[in-house]
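**Q** So in my numbering, the last spot in the sequence shown is 1139, and the numbers never skip. C-beta atoms are modelled at their ideal positions from N, C-alpha and C, and glycine is treated no differently. The structure is given below, and queries will be raised subsequently.
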Amino acid sequence: METSASTRKQLYVDAAVDTPVSDRRRLLTYALPEHLAGRVAPRHLIWVPLRKELRLAIVVRVHDEAPAFPVRPVYAPVEPAFCLSERQWELIQWIAETTLCSLFEAASPCLPPGVGQRSVEHLRLRSPDGAGDHQLTRTQQALVDLLAERGETSLEAARKALGRSLTSVVAKLEAAGVIERTARVVSGAPRTPTARYVRLITPDGVDLHRAPAQRRALEVIRRRVALAGDEPIPWHDLVRRPGVTAAALQALAERGVIEILELPSPSAPPAQPRPGAGSTYLTPEQAAAWRTLLAALRAGEPEEFLLHGITGSGKTEIYLRAAAWCVGRGKQVIMLVPEIALAAQTVARFNERFPGQVAVLHSTLPPATRYHTWRAVAEGRIPIVVGPRSALFAPLERVGLVILDEEHEGAYKQDNPPRYHAREVARRLIRQHNAVLLLGSATPDVTTYYAAETGAIRLLELPTRVGPRVLGKRGRPEHRTLDLPEVQVVDMRLELSQGHTHIFSRPLQAALRRAVESGEQAILFLNRRGAATLIQCRACGHVEQCPFCDVPLVYHADQRLLLCHRCNQRQPPPSRCPACGSSAVGYYGTGTQRVEAEVRRLIPGARVLRWDQDALRRGVEHRHLMQRVLRHEVDVIVGTQMVAKGLDFPLVSTVGIINADTLLHLPDIRSAERTFQLLTQVAGRAGRRTPGARVIVQSYTPDHYAIDAASRHDYAAFYREEIAFRRKHGYPPFRRLIRFVYRHPDEVTCQTTAAEVADLLAATADRLGARDVDLLGPTPAFTAKVRGRYQWQILLRGADSHAVASAVDLDPGWAIDVDPLSVL
316 METSASTRKQ LYVDAAVDTP VSDRRRLLTY ALPEHLAGRV APRHLIWVPL RKELRLAIVV
376 RVHDEAPAFP VRPVYAPVEP AFCLSERQWE LIQWIAETTL CSLFEAASPC LPPGVGQRSV
436 EHLRLRSPDG AGDHQLTRTQ QALVDLLAER GETSLEAARK ALGRSLTSVV AKLEAAGVIE
496 RTARVVSGAP RTPTARYVRL ITPDGVDLHR APAQRRALEV IRRRVALAGD EPIPWHDLVR
556 RPGVTAAALQ ALAERGVIEI LELPSPSAPP AQPRPGAGST YLTPEQAAAW RTLLAALRAG
616 EPEEFLLHGI TGSGKTEIYL RAAAWCVGRG KQVIMLVPEI ALAAQTVARF NERFPGQVAV
676 LHSTLPPATR YHTWRAVAEG RIPIVVGPRS ALFAPLERVG LVILDEEHEG AYKQDNPPRY
736 HAREVARRLI RQHNAVLLLG SATPDVTTYY AAETGAIRLL ELPTRVGPRV LGKRGRPEHR
796 TLDLPEVQVV DMRLELSQGH THIFSRPLQA ALRRAVESGE QAILFLNRRG AATLIQCRAC
856 GHVEQCPFCD VPLVYHADQR LLLCHRCNQR QPPPSRCPAC GSSAVGYYGT GTQRVEAEVR
916 RLIPGARVLR WDQDALRRGV EHRHLMQRVL RHEVDVIVGT QMVAKGLDFP LVSTVGIINA
976 DTLLHLPDIR SAERTFQLLT QVAGRAGRRT PGARVIVQSY TPDHYAIDAA SRHDYAAFYR
1036 EEIAFRRKHG YPPFRRLIRF VYRHPDEVTC QTTAAEVADL LAATADRLGA RDVDLLGPTP
1096 AFTAKVRGRY QWQILLRGAD SHAVASAVDL DPGWAIDVDP LSVL
């Protein structure tokens, strides 16, 4: 017997809505219209009204418990329909709980790119009389006239028609009752990617005697048809042929000889790993690591490994073997890289080994490409996903292996909610799938190595650098090993005391000249951009500061401007001191632009390439810079930390580190670790194919354990010192840290609010009986003001810090970072 509409109970949904909330656990309740009852269920993505907007939301619960307050109805489900899997939902709840963010924030990385729709704000007149008796400004009247003429119009269209921002205009007209705002969902799904094709229509009977370019193009098309039949010919295949131009093809189409078509871009056909994919000979150390890893893959239980291999030791070959084993058994692989722009060589090796089976997912892809790649992964057509940390959330259901290359990199930690670390999410993911996690690095994170040392994860080691393959004594191929580059630490205090004031020490100058004269390449590393990092008056001491941030402005010689590296504020350099009027304005400090200029002075004719963020902002891509280096169009590369991240340059024989102390003396718990990692990684770019490489490290504190250990390629020595320091002072991995940061444009409000929250945290710790927790602060952040907003911070330290932090609800203006990588 059917239930009548009059007796059917009203259903409601509790939803996690995309909006800032003070209570991160808060769900909003909406009525579920009867016509949507069969289309909306838990974990579905829906549109809901919130104030005068439509917002995305995730259904957490469907029920028939009427709330004690009026509720608005669900607007619609997202089209095409999207539902999170049970595994995804479990992971989202875990992320929300551990990183102290809202459910929707935790779910955001799992949502399909573009979602397929978007909410658009519309305007309309409330009355046919328009403004009635209201006195309007010229712009207000123009908007009213536009709406009277067009009827309901999107806010975006109104802005374009009137040529100005309408934020205040709309607010005042709405408050006066002249107009009203509504939100509509419109289709926003990316178009299916298409490509141009050519089809031959009339092969004969056309006089092209006076059109030689068209005649040549037609001959190429005829030959292609004779070989491949009447299938459409890809446009790009034709225009790459000698003598075939786009103009000639267009002219043939206008004559009716050919037809130009727009057809869907073909998906790459599934392909098996290339022949010989597993035939690469391994060194004994690689073979031992692979045997251990293979046993874990076969066991089918969640297990985690640290692959600690020095630079150039062949870690990527282990990644490829493990991936091939998984793909061959119908399992899926996630290969994470710190930054996709710097991972071209890794992506190329995976594409070579697994043609047609690799999807590269990252946020800078064109929307249509990203969306359709995501769909291909969701449909199980592509088994390997390569990308930055967000690739962890690719819609895979049969994960067998997760790899984090360069696992020590800070790029694996998200800056904004959800502030997760890819390593921790990967650990949770492999438990869900009974998969293996492989963490690779030459300079592992200290907390990761501690986990390996204490047996929490397993350690695999590759202690030798792999050289070219040669025939051994028994006629079998084997790899020749290469020594790590020789490192010379130059004490810059001695250089200065001996009257040498150049930014390049004498040993570095000699090494640079030798490399260029020998037809080799050199890298000069300095983690500071610009030409001068400090502009100071020599009469009164005034330093040019950013007016919006508490940092000095940096002089960029190529633009002849002072720039703020925090907010991008720019202004011309002063000819006189703005404080005292003196003309004695000095430019101090060294950046990559100055280093580039000094190389050109030192070695006239040297081909110098600067590889930093400023170079990339001019429209140059990482891959173009890399191609120039690999083609030996460059003698000396001057770069920031971008050149330290896993790049393989065969001809680099010399590396110079201009100032090893740049990061060392910052007041941060990981300053020594980051210094050691950067120095070791940069040094590892030298001598990857040829013996006799050299590294020159310039330092004013050469005896510091981070610099000394890096100069000897001795991770164990660095680790012993660093872990003892952290044990003594109660830093991770021995005690947990949580950082609270509050930002406000008013300094007093910022300080007062921080003090109030510090009192709240202390009281909460007392109420919970939390014994292992210290409260540090509140104090101004290291950079006290950024983009016009002051910053104060509080630290919780100890095993009970998470329990205390999760028990308080803070305003959306607070940023909470669980297990921060930096406290600056």
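For threonine 852, is the classification buried or exposed, using 16 other Cβ atoms within 10 angstroms of its Cβ as the cut-off for buried?
**A** Position check: residue 852 holds cysteine in this sequence, whereas threonine was assumed. Cysteine 852 should be labelled buried.
**Q** Can you list, in chain order, the stretches of the alpha helix (DSSP H) that have 4 or more residues and sit fully within the segment 950 to 1002?
**A** 986 to 998
**Q** How many angstroms separate the CA atom of arginine 1054 from the CA atom of proline 1135?
**A** 7 Å
**Q** Can you grab the Cα-Cα spacing for the pair proline 392 / histidine 350, in whole Å?
**A** 11 Å
**Q** Where glycine 896 and valine 1012 are concerned, what is the direct C-alpha to C-alpha distance, given to the nearest angstrom?
**A** 40 Å
**Q** Quick check: the Cα distance between threonine 796 and leucine 597, rounded to an integer number of angstroms?
**A** C-alpha separation (whole angstroms): 12 Å.
**Q** Could you please give the first and the last residue of the uninterrupted beta strand (DSSP E) stretch that includes arginine 1058?
**A** Start and end: 1052 to 1059.
**Q** For the beta strand (DSSP E) that contains histidine 378, what are its first and last residues?
**A** 368 to 378 is the extent of the beta strand (DSSP E) around histidine 378.
**Q** Cβ atoms of alanine 693 and valine 700: under 8 Å apart, would you say?
**A** No, they are not a contact pair.
**Q** Between the Cα of histidine 736 and those of Val751, Thr762 and Gly715, spot the shortest distance and give me the residue it belongs to.
**A** Thr762
**Q** Grab me the residues of valine 662's own chain with a C-beta within less than 7 Å of its C-beta, minus the 5 sequence neighbours each way, in chain order.
**A** Val675 and Val701
**Q** Identify whether valine 287 lies in helix, strand or coil by the three-state DSSP scheme.
**A** As shown, the chain starts at 316 and ends at 1139. That puts residue 287 outside it, with no answer to give.
**Q** Can the beta-carbon of valine 717 be found less than 8 Å from the beta-carbon of leucine 744?
**A** yes
**Q** Using a Cβ cut-off of 8 Å (strictly closer), state whether arginine 531 contacts chain C.
**A** The question asks about chain C, but that chain is absent: this structure has only one protein chain.
**Q** Going by the beta-carbon positions, is the gap between proline 357 and valine 332 smaller than 8 Å?
**A** no
**Q** When the Cα atoms are used, what is the spatial distance from valine 910 to asparagine 883?
**A** 22 Å
**Q** Tell me, please, which residues DSSP counts as bridged to glutamine 860.
**A** Bridge pairing for glutamine 860: Pro867 [DSSP].
**Q** Should glycine 904 and leucine 849 be called a contact, given that it needs their Cβ atoms to be closer than 8 Å?
**A** yes
**Q** Could I get the ranges of all uninterrupted beta strand (DSSP E) runs contained in the segment 1033 to 1116, with 3 residues as the minimum, in chain order?
**A** Fully enclosed beta strand (DSSP E) runs of 3 or longer: 1052 to 1059, 1089 to 1101 and 1104 to 1112.
**Q** My assumption, with CB atoms under 8 Å, is that alanine 765 sits in contact with proline 1048. Please give the rounded CB distance.
**A** It is worth fixing the name first, because residue 765 is tyrosine in this sequence and not alanine. Correct: roughly 5 Å between the Cβ atoms.
**Q** Within 10 Å of its beta-carbon, does glutamine 455 have 16 or more other beta-carbons around it, so buried, or fewer, so exposed?
**A** buried
**Q** Can you give me the C-alpha to C-alpha distance between glycine 906 and alanine 846, rounded to a whole angstrom?
**A** 5 Å
**Q** According to DSSP, is valine 831 part of a helix, a strand, or is it coil?
**A** helix
**Q** Spatial neighbours of threonine 334 within its chain, please: CB distance less than 7 Å, with the 5 preceding and 5 following residues excluded, ordered by chain position.
**A** Leu365 and Arg370
**Q** In whole angstroms, give me the CA-to-CA distance for phenylalanine 384 and glutamate 739.
**A** 40 Å
**Q** I'd like the span of the alpha helix (DSSP H) that includes isoleucine 407, first residue to last.
**A** 401 to 414
**Q** Assign histidine 378 to buried or exposed, taking buried as 16 or more other Cβ atoms, counted over all protein chains shown, within 10 Å of its Cβ.
**A** It counts as exposed.
**Q** One question on the structure: do alanine 566 and alanine 526 come within less than 8 Å of each other, judged by their Cβ atoms?
**A** yes
**Q** Start and end of the alpha helix (DSSP H) containing proline 599?
**A** 599 to 614
**Q** How many Å lie between proline 1006 and glutamine 836 at the Cα?
**A** 14 Å
**Q** For the alpha helix (DSSP H) containing cysteine 641, name the first residue and the last one.
**A** 630 to 642
**Q** Whole angstroms are fine: how far does the CA of isoleucine 1109 sit from the CA of glycine 1092?
**A** 5 Å
**Q** How many whole angstroms separate the CB atoms of alanine 330 and leucine 342, which I take to be in contact at a CB cut-off of 8 Å?
**A** 6 Å
**Q** State the DSSP-derived secondary structure class of valine 459, mapped to helix, strand or coil.
**A** helix
**Q** Relative to the C-alpha of aspartate 798, which candidate in Arg474, Gly466, Glu495 and Arg1027 has its C-alpha closest?
**A** Arg1027
**Q** Quick one: grab the DSSP three-state call for phenylalanine 620.
**A** strand
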